[in-house]
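Trainee: Just dropping this structure here.
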Amino acid sequence: MKDNLYQYLLGIADNSLILGQRMGELCGHGPSLETDIACTNISLDLFGQVRSYYQYAAKIAGDGRTEDDIAMLRKEREYLNVLLVEQPNTDFAYTMARHFLFDVYHLLFLTELKKSKDMTLAAIATKCIKEVRYHQRFSSDWIRRLGDGTEESHNRMQAAINDLWTYTDELFHQTEADKAMVSEGIGVDVTKLKAAYYEKVNTILEESTLSIPESKYFQKGGKMGIHTEHIGFLLAELQYMQRTYPNMEW
Amino acid sequence: MNKAKDILRSSKNSSPSGKVDGALIPILEQVSDPEIPVLSIMDMGVVRSAVFENDVVKVQITPTYSGCPAMDVIGDDIKKALKDAGYKSEVELILSPAWTTDWITPRGRKALEDYGIAAPLGAEADKDVLLHGKRLVKCPQCGSTNTKMVSQFGSTACKAQFQCDDCLEPFDYFKCLK
Ligand SMILES: [Zn+2]
């Protein structure tokens, strides 16, 4: 039970940590001042949210590790985020498509997590959901603006959706920890979110003159710690300070 | 990152200003949000409780946003203010019930406006403004509601960037959080 809960918490938190790091990379590099500030604010929200999860995980682990140790000092294969969130910022359409495809899932997930029998998880979800609503508004807005924008922006957004769509099925795969936590009434049965996810994504894409690709092939592995080549570079940057100056504090 | 004591406990108290011992109110009112110095933490509604337990003051605060970088500073400032007043204290960060903009007091709303930040509208009006571009937010400079959103995220996560089309001044709008 204890180990399953710990793994379950990492699964949730790692998604937000890795996505938060990707959004944070836009600091000083956003396409305009407003989007730059928005992306870094979203990044900050996500980092704030993961602190709550990792603090709880540290308490569950009870082996003297802090939230920082858990967030910063694991090896690549020990990160359990889905492949979707680690995909790089190529152009802004890609960055927003990735965020949108995660936001829709995130909101559905937190809505269910609010009902968890675990009071701590329910409290964290209740707090996070208020923030994630704003994130989804922001990314949906960009899907519309770029999808229904110029020919160039439309093509780039559709190309981004086509590429990233292959990473979405993994969101609904259950790990062993998931199954155990669902049976305890603590975890969310992600398999049940798929229909609502598809519907929401489809609605917004249609409004944006975009469509879900018909691909039958999906990538998976992140939830088992098997990642794409991109995560090594991301972790190198994320962990740099902690690895170079062990036990540093701000 | 590891300064916050224990974010995971919850309080049953869901009213704007929680259980605060009368003797502590004037002290806590001197502590402000470092990002909005005119707004005391009492008027912002982040103090959930402050009571004496033996000779120690136990204070519970709740974050406005999960990633609010001001919380660690606020915790330190509370301890310092209480120490200056001769009290030992412990500050605890709690998450539940989650903070809402409804907990900003009327005095807090006025302080925001005087400082140049438009105070949050109700939930429905907030949606109309942020999603449908309705012109309802009052410019804190000239009072006109002929204003438009420039960006959903402003100088901090809790604010959106607006501009007044009458006096042309840009300003922050404190987004409704429910
Ligand atoms: Zn004006």
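Note that the protein sequences, when read in sequence, are chains U and F.
1 is the number of the first residue of the first sequence in full-length UniProt numbering; add one for each residue after it.
1 is the number of the first residue of the second sequence in full-length UniProt numbering; add one for each residue after it.
C-beta: ideal position from N, C-alpha, C; glycine also.
Predicted, not measured: the structure shown is a model, and the values here were computed from it.
Measure from the C-beta of G67(F) to each C-beta in chain U and report whether the shortest distance is under 8 Å.
Mentor: Closer than 8 Å to some Cβ of chain U, the Cβ of G67(F) qualifies, so yes.
Trainee: Who are the near neighbours of T120(U) in its chain, counting only those whose CB is closer than 6 Å to its CB and skipping five residues on each side?
Mentor: If we look at T120(U) and ignore the five residues flanking it on each side, its Cβ neighbours are Y56.
Trainee: Does the beta-carbon of D114(F), which I'm using as the reference point, lie nearer than 7 Å to any heavy atom of ligand 1?
Mentor: No; taking the cut-off as 7 Å, the Cβ of D114(F) has no heavy atom of ligand 1 nearer than that.
Trainee: Could you tell me whether any Cβ in chain U is nearer than 8 Å to the Cβ of F174(F)?
Mentor: Cβ-Cβ to chain U under 8 Å: no for F174(F).
Trainee: Is F174(F) near I117(F), with beta carbons less than 8 Å apart?
Mentor: Yes, the Cβ-Cβ distance between F174(F) and I117(F) is below 8 Å.
Trainee: Can you name the residues of chain U whose CB is closer than 7 Å to the CB of Q161(F)?
Mentor: Under the 7 Å cutoff, chain U gives E34.
Trainee: Along the UniProt domain "PaaD zinc beta ribbon" (127–175) of chain F, what residues have a CB closer than 8 Å to any CB found in chain U?
Mentor: Within the UniProt domain "PaaD zinc beta ribbon" (127–175) of chain F, the residues whose Cβ lies closer than 8 Å to some Cβ of chain U are L130, L131, V150, S151, Q152, F153, G154, S155, T156, A157, Q161 and K175, listed in chain order.
Trainee: Between S49(F) and chain U, is the shortest Cβ-Cβ distance under 8 Å, so that the two count as touching?
Mentor: Taking Cβ atoms only, chain U never reaches closer than 8 Å to S49(F), which makes this a no.
Trainee: Kindly indicate which residue of Y198(U), S211(U), S183(U) and I226(U) has the alpha-carbon position closest to the one of N162(U).
Mentor: Of Y198(U), S211(U), S183(U) and I226(U), the residue nearest in Cα terms is S211(U).
Trainee: Rank P106(F), N54(F), C68(F) and L131(F) by C-alpha distance to the C-alpha of S155(F) and give the top, closest one.
Mentor: For S155(F), the nearest C-alpha among the options comes from C68(F).
Trainee: Listing by chain order, which chain U residues have their CB less than 7 Å from the CB of L95(F)?
Mentor: In chain order: S52, A123, I124 and K127.
Trainee: When we look at the beta-carbon of residue 278(U) and count the other beta-carbons within 10 Å, is it buried (16 or more) or exposed?
Mentor: Nothing can be reported for residue 278(U): it is not among the residues displayed for chain U, which extend from 1 to 250.
Trainee: Leaving out the 5 sequence neighbours to the left and right, which residues in its chain are closer than 6 Å to residue 181(F) when beta-carbon positions are compared?
Mentor: Since the first and last residues shown for chain F are 1 and 178, residue 181(F) lies out of range.
Trainee: Which residue marks the beginning of the beta strand (DSSP E) containing T147(F), and which one marks its end?
Mentor: It spans T147 to S151 - the beta strand (DSSP E) in which T147(F) sits, taken as one unbroken run.
Trainee: What is the residue span of the beta strand (DSSP E) that R48(F) lies within?
Mentor: Where R48(F) is concerned, the enclosing beta strand (DSSP E) stretches over V47 to E53.
Trainee: Can you tell me whether Q141(F) sits near ligand 1, meaning its C-beta is under 7 Å from at least one heavy atom of the ligand?
Mentor: Q141(F): yes, Cβ under 7 Å from ligand 1.
Trainee: Say whether chain C places a C-beta atom closer than 8 Å to the C-beta of K178(F).
Mentor: Among the chains of the structure shown, chain C does not appear; the protein chains present are U and F.
Trainee: Closer than 7 Å to a non-hydrogen atom of ligand 2 - does that hold for the CB of Y56(U)?
Mentor: The model depicted lacks ligand 2 and carries ligand 1 instead.
Trainee: With a threshold of 7 Å, establish whether the CB of D166(F) neighbours any heavy atom of ligand 1.
Mentor: Correct: D166(F) has its Cβ closer than 7 Å to ligand 1.
Trainee: Do three or more CB pairs link the segment 69–78 of chain U to the segment 90–105 of chain U at distances below 8 Å?
Mentor: With a cut-off of 8 Å, the segment 90–105 of chain U and the segment 69–78 of chain U do not count as touching, because too few Cβ pairs lie within range.
Trainee: Using DSSP's beta-bridge definition, name the partner residues of E90(F).
Mentor: In the DSSP output, where bridge partners are listed per residue, E90(F) has K58(F).
Trainee: Is L130(F) buried or exposed, if buried means 16 or more other CB atoms sit within 10 Å of its CB?
Mentor: Buried, because 16 or more other Cβ atoms sit within 10 Å of the Cβ of L130(F).
Trainee: Given a threshold of 16 other Cβ atoms within 10 Å of its Cβ, counted over all protein chains shown, does P246(U) qualify as buried or as exposed?
Mentor: Under this definition P246(U) is an exposed residue.
Trainee: Does A81(F) come within less than 8 Å of chain U when only Cβ atoms are used?
Mentor: Not closer than 8 Å to any Cβ of chain U, the Cβ of A81(F) fails to qualify, so no.
Trainee: Of the residues that make up the segment 104–121 of chain F, which ones have a beta carbon closer than 7 Å to any beta carbon in chain U?
Mentor: The residues in question: there are none.
Trainee: Cβ closer than 8 Å: which chain U residues qualify as neighbours of A125(F)?
Mentor: Near A125(F) there are no residues of chain U at all, since even the closest Cβ is about 16 Å away, more than 8 Å.
Trainee: Using a Cβ-Cβ distance cut-off of 8 Å, determine whether F233(U) contacts chain F.
Mentor: Closer than 8 Å: no.
Trainee: By how many angstroms is the C-alpha of Y87(F) removed from the C-alpha of L26(U)?
Mentor: Whole-angstrom Cα-Cα distance: 44 Å.
Trainee: Just to confirm the assignment, what range does the beta strand (DSSP E) spanning Y197(U) have?
Mentor: First-last for Y197(U): K194 to E207, but that is the alpha helix (DSSP H), not the beta strand (DSSP E).
Trainee: Note the first and the last residue of the continuous alpha helix (DSSP H) segment covering V85(U).
Mentor: Start and end: L83 to E86.
Trainee: Using a Cβ cut-off of 7 Å, which residues of the segment 177–210 of chain U contact any Cβ in chain F, in chain order?
Mentor: So the list is empty, because no residue satisfies the distance condition.
Trainee: Could you tell me whether the Cβ of A98(F) comes closer than 8 Å to any Cβ of chain U?
Mentor: Closer than 8 Å: yes.
Trainee: Please tell me whether F138(U) has its Cβ less than 8 Å away from any Cβ of chain F.
Mentor: At least one chain F Cβ lies under 8 Å of F138(U).
Trainee: For Q158(U), return the contacting residues in chain F, with the cut-off set at a CB-CB distance below 9 Å.
Mentor: Neighbours of Q158(U) on chain F: none; closest Cβ ~24 Å, over 9 Å.
Trainee: Would C158(F) and D126(F) be called neighbours here (beta carbons separated by less than 8 Å)?
Mentor: Going by C-beta atoms, C158(F) is not nearer than 8 Å to D126(F).
Trainee: Does S140(U) come out as helix, strand or coil in the three-state DSSP assignment?
Mentor: Three-state result, S140(U): helix.
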